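Enquirer: Our numbering runs 207 ahead of the 1-based position in the sequence shown.
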Amino acid sequence: MNIATITQCPVSTGGFIGAITDWLVGLMSVMGWLGTGIAVFLENLFPPIPSEVILPLAGFTAVQGRMTLFEAIAGATIGSVVGALALYGIAYAIGAERMRKLFDLMPLTDASDIDKANGWFAKYGLASVLIGRVIPIVRSLISIPAGIARTNLPQFTLLTTLGSAVWNTILVMAGYVLGSSWCSILGFLDKFQYAVAAIVVALLVWYVVVKVRSHLEAVQE
208 MNIATITQCP VSTGGFIGAI TDWLVGLMSV MGWLGTGIAV FLENLFPPIP SEVILPLAGF
268 TAVQGRMTLF EAIAGATIGS VVGALALYGI AYAIGAERMR KLFDLMPLTD ASDIDKANGW
328 FAKYGLASVL IGRVIPIVRS LISIPAGIAR TNLPQFTLLT TLGSAVWNTI LVMAGYVLGS
388 SWCSILGFLD KFQYAVAAIV VALLVWYVVV KVRSHLEAVQ E
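Structure, rendered in structure tokens:
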């Protein structure tokens with residue numbers, strides 16, 4: 208099966224993003240796990256590129272024998288972490304205002320995207336690095352407020368790796384299991400990823416409530 212065949216999808220985004228996505232999925236088909244890593248790395252640096260297209264295609268590419276399922280997931284996770292560290296480093300170096308100006312200059316992004324990520328980081332702190340990996344746009348941009356705040360790098364790397372591994376595994380497995388029908392997951396994926404985020408947030412709230420109650424009980428004793 209040639210590249211043109213495996214990259215066809217009835218829910219194609221078309222235009223500039225569609226052209227980039229087609230190139231990235233072709234890269235995965237030719238280079239296997241390394242191409243997957245490069246594609247996901249670029250998706251992290253340029254948020255409008257949809258991981259919802261790239262990652263299932265990596266799973267489908269594994270079905271075609273161009274790489275193993277483990278290689279697809281590992282390559283995607285390595286690309287996610289390296290891309291997140293790159294954004295973290297840039298934000299760490301140039302600060303908030305320059306990042307806002309940079310995103311205003313980039314196509315299909317603006318400073319409001321950074322504001323959205325900042326809101327998540329302000330609300331959930333370091334936990335937002337984990338939660339943010341399953342939220343559109345925020346998935347990539349959450350590295351920016353973490354870098355600006357100069358978050359502990361080992362903790363940031365660990366949470367990014369865990370969140371990325373979970374999200375990448377879900378989407379790569381979906382593409383692997385569905386095979387040539389992988390495009391069918393795109394229709395409901397937006398609702399699914401918000402549901403995952405809601406569950407994670409609920410668990411975090413429950414954890415905080417339990418901790419606070421335990422602390423209050425200890426103080427009263």
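Note that beta-carbon positions come from the ideal geometry of N, C-alpha and C, so glycine has one too. Note that this is a predicted model, so its numbers are computed, not measured.
Please state if the CB of A291 and the CB of K265 are separated by a distance shorter than 9 angstroms.
Expert: Residue identity check: residue 265 is Ala in the sequence provided, not Lys. No, these two residues do not count as a Cβ contact at 9 angstroms.
Enquirer: Scan the stretch 304-374 and note each continuous alpha helix (DSSP H) run of 4 residues or more that stays entirely inside, going in chain order.
Expert: Runs of the alpha helix (DSSP H) inside the stretch 304-374: 318-331, 334-338, 345-348, 350-355.
Enquirer: State the start and end residues of the unbroken alpha helix (DSSP H) segment that holds G242.
Expert: 240-252 is the extent of the alpha helix (DSSP H) around G242.
Enquirer: Pull up the distance between the alpha-carbon of T275 and that of T376, whole angstroms please.
Expert: C-alpha separation (whole angstroms): 13 angstroms.
Enquirer: Kindly confirm or deny that the stretch 316-330 and the stretch 343-363 touch, where touching means at least three C-beta pairs closer than 8 angstroms.
Expert: The stretch 316-330 is in contact with the stretch 343-363.
Enquirer: Closest to G370 by CA distance: which of F277, L262, V232, S287 is it?
Expert: Selected option, being the one with the closest Cα: S287.
Enquirer: Exposed or buried, which one is A211 when buried takes at least 16 other CB atoms within 10 Å?
Expert: Model confidence at A211 stands at a pLDDT of 35, short of 50, so the residue's coordinates are unreliable; what they give is reported in the following sentence. It counts as exposed.
Enquirer: Whether or not the stretch 328-338 and the stretch 302-310 are in contact is what I'm after, with contact meaning three or more pairs of Cβ atoms, one per stretch, closer than 8 angstroms; do they touch?
Expert: Not touching, per the Cβ criterion.
Enquirer: Taking C-alpha atoms, which residue in R346, G272, D311, A300 lies nearest to F248?
Expert: The shortest C-alpha separation from F248 is found at R346.
Enquirer: Please report the straight-line C-alpha distance between R420 and A300, rounded to a whole angstrom.
Expert: Computed Cα separation, rounded: 40 angstroms.
Enquirer: On a CA-only basis, which of S258, G242, S335, G244 is nearest G382? Give me that one, please.
Expert: Measuring from the Cα of G382, the nearest candidate turns out to be S258.
Enquirer: Is V237 buried or exposed, if buried means 16 or more other CB atoms sit within 10 Å of its CB?
Expert: Its Cβ having fewer than 16 others within 10 Å, V237 is exposed.
Enquirer: For my contact list, A279 and W230 are in at a C-beta cut-off of 8 angstroms; report their separation, rounded to the angstrom.
Expert: A279 to W230, Cβ: 18 angstroms. No contact.
Enquirer: Does the distance from the C-beta atom of M235 to that of T268 stay below 9 angstroms?
Expert: Contact flag set, yes.
Enquirer: Is R420 helix, strand or coil when you go by DSSP?
Expert: The answer is helix: DSSP assigns R420 an H, G or I state.
Enquirer: Along the chain, where does the alpha helix (DSSP H) that runs through T275 open and close?
Expert: Taken as a continuous stretch (DSSP letters only), T275 belongs to no alpha helix (DSSP H), as it is neither H nor E.
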